[in-house]
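Participant: In my numbering, the protein residues as written are 39 to 276. For each residue, glycine too, the CB sits at the ideal point set by N, CA and C. Okay, handing you the structure first.
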Amino acid sequence: MKKLYFLALSIFASASLMATQVQVKAVDNLQAAVNAANSGDTVLVQAGTYEGNFTMKDGVYVSGGWNEDFTAQTKHASILDAKADGRVLNQPANFETLTIWDNFTIQNGKLTAIQSDKLGSGVALMKKGRVINCLIQNNTFDYSGNCMGGGLGQETGDKNDTCAINCVVRNNKGTHGGGVRIRGVILNSLAEKNIATNNGGGIYLQAGAAYNCVIVNNTSNSGGGGVDMFGTGSLVNC
């Protein structure tokens with residue numbers, strides 16, 4: 039299963055690279071570059087810090103951590119920083135095409151009022167949105183109501199929809215799911231030192247699944263310090 043899955047991911051990336059490539063330097067406007075890209079295009083992002091709130095575009099593959107001449111990548115070296123003002127990375131609607139943001143640090147999101155989607159202050163994903171190889175840290179959903187996922191929140195119509203692969207979700211805070219709240223699938227990821235003011239310190243699973251994950255040193259004020267499973271949620275090899 040895993041070999042086929044990563045093969046599919048590689049095919050997607052290769053197909054994207056055959057389309058138009060856009061190179062974003064540290065002094066450029068990242069969101070403008072994403073907005074201008076077409077479905078199937080690849081946006082390569084130099085290492086550096088990009089401040090603000092960012093929105094995914096259907097079918098646009100965004101890859102971070104590139105050096106000055108875009109020949110090599112450094113892990114988590116492109117930093118998306120909301121500076122404690124709103125959500126860092128948002129998927130505004132269900133997508134038609136698998137859409138990936140790859141190799142970013144996603145940090146310092148802060149939401150203090152309920153959002154219409156009630157999803158995470160670090161990353162909010164819906165159908166066919168995905169983050170891979172990302173560090174999601176220091177994001178807070180500071181609201182007493184039903185807030186879903188301090189670091190990553192996902193809402194999808196398909197419980198088999200994979201939202202995160204090879205990610206580290208650390209030092210986030212939310213109501214349900216201090217680190218992660220999903221209805222889909224998270225693979226090969228680490229959830230640590232997250233806090234839930236209600237249920238699921240590390241991960242709150244609602245009909246979703248976590249495969250090959252490490253969940254350690256998380257805290258909840260109610261149910262599930264590490265994991266809270268609601269409905270048909272499941273853990274495999276964790």
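Would you identify the three-state DSSP class for Leu68, choosing helix, strand or coil?
Facilitator: helix
Participant: Which of helix, strand or coil does DSSP assign to Asn73?
Facilitator: helix
Participant: Assign Thr235 to one of three DSSP states: helix, strand, or coil.
Facilitator: coil
Participant: By DSSP, does Glu230 sit in helix, in strand, or in coil?
Facilitator: strand
Participant: In the DSSP assignment, what are the bridge partners of His114?
Facilitator: Answer is none; His114 lacks a bridge partner.
Participant: Take the Cβ of Asp107 as the centre, count every other Cβ of all protein chains shown within 10 Å, and call the residue buried at 16 or more, exposed below.
Facilitator: exposed
Participant: Between Ala234 and the ligand PLP, is there a pair consisting of the residue's CB and a ligand heavy atom that are separated by less than 7 Å?
Facilitator: This structure simply doesn't include the ligand PLP, nor any ligand for that matter.
Participant: Cutting at 8 Å between CB atoms, please list the residues of its own chain near Leu45, excluding the five before and the five after it.
Facilitator: Confidence at Leu45 is low in this model, with a pLDDT of 30, below 50, so its placement is unreliable and no value can be given for it.
Participant: Since Phe142 sits in a beta bridge, which residues does DSSP pair it with?
Facilitator: For Phe142, the pairing in a beta bridge is given by DSSP as Ser116.
Participant: So, helix, strand or coil for Arg125, using DSSP?
Facilitator: Secondary structure at Arg125: coil, using DSSP grouped into helix, strand and coil.
Participant: Rounded to whole angstroms, how far is the Cβ of Val223 from the Cβ of Gly246, which I believe are closer than 8 Å?
Facilitator: 6 Å
Participant: Could you give the first and the last residue of the continuous beta strand (DSSP E) run that contains Phe268?
Facilitator: Phe268 -> beta strand (DSSP E) spans 265 to 268.
Participant: Thinking C-alpha only, which one of Gly97, Ala202, Gly86, Ala120 is nearest Asn177?
Facilitator: Ala120
Participant: Can you tell me whether DSSP reads Lys63 as helix, strand or coil?
Facilitator: When DSSP states are grouped into helix, strand and coil, Lys63 belongs to the coil group.
Participant: Tell me whether Cys205 sits in a helix, a strand or coil according to DSSP, three-state version.
Facilitator: Residue state, collapsed to three classes: coil.
Participant: So, are the CB atoms of Ala85 and Ala115 less than 8 Å apart?
Facilitator: yes
Participant: Taking the alpha-carbon positions, what's the Gly97 to Trp139 distance?
Facilitator: 10 Å
Participant: Can you check which of these residues, Gln69, Ile144, Val72, Ile220, is closest to Phe199 by C-alpha distance?
Facilitator: According to the sequence as given, residue 199 is Asp; it is not Phe. It is Ile220.
Participant: CA-CA distance, Lys231 and Asp180?
Facilitator: 17 Å
Participant: Rounded to a whole number of angstroms, what is the C-alpha to C-alpha distance between Ser258 and Gly217?
Facilitator: 11 Å
Participant: Which same chain residues end up closer than 7 Å to Asn275 when comparing Cβ atoms and leaving out the 5 residues on each side of it in sequence?
Facilitator: Tyr249, Asn250
Participant: With DSSP collapsed to three states, give me the class of Val274.
Facilitator: Looking at Val274 - three-state DSSP - the assignment turns out to be strand.
Participant: Going by the beta-carbon positions, is the gap between Val65 and Val83 smaller than 8 Å?
Facilitator: At a Cβ-Cβ threshold of 8 Å, Val65 and Val83 do not count as neighbours.
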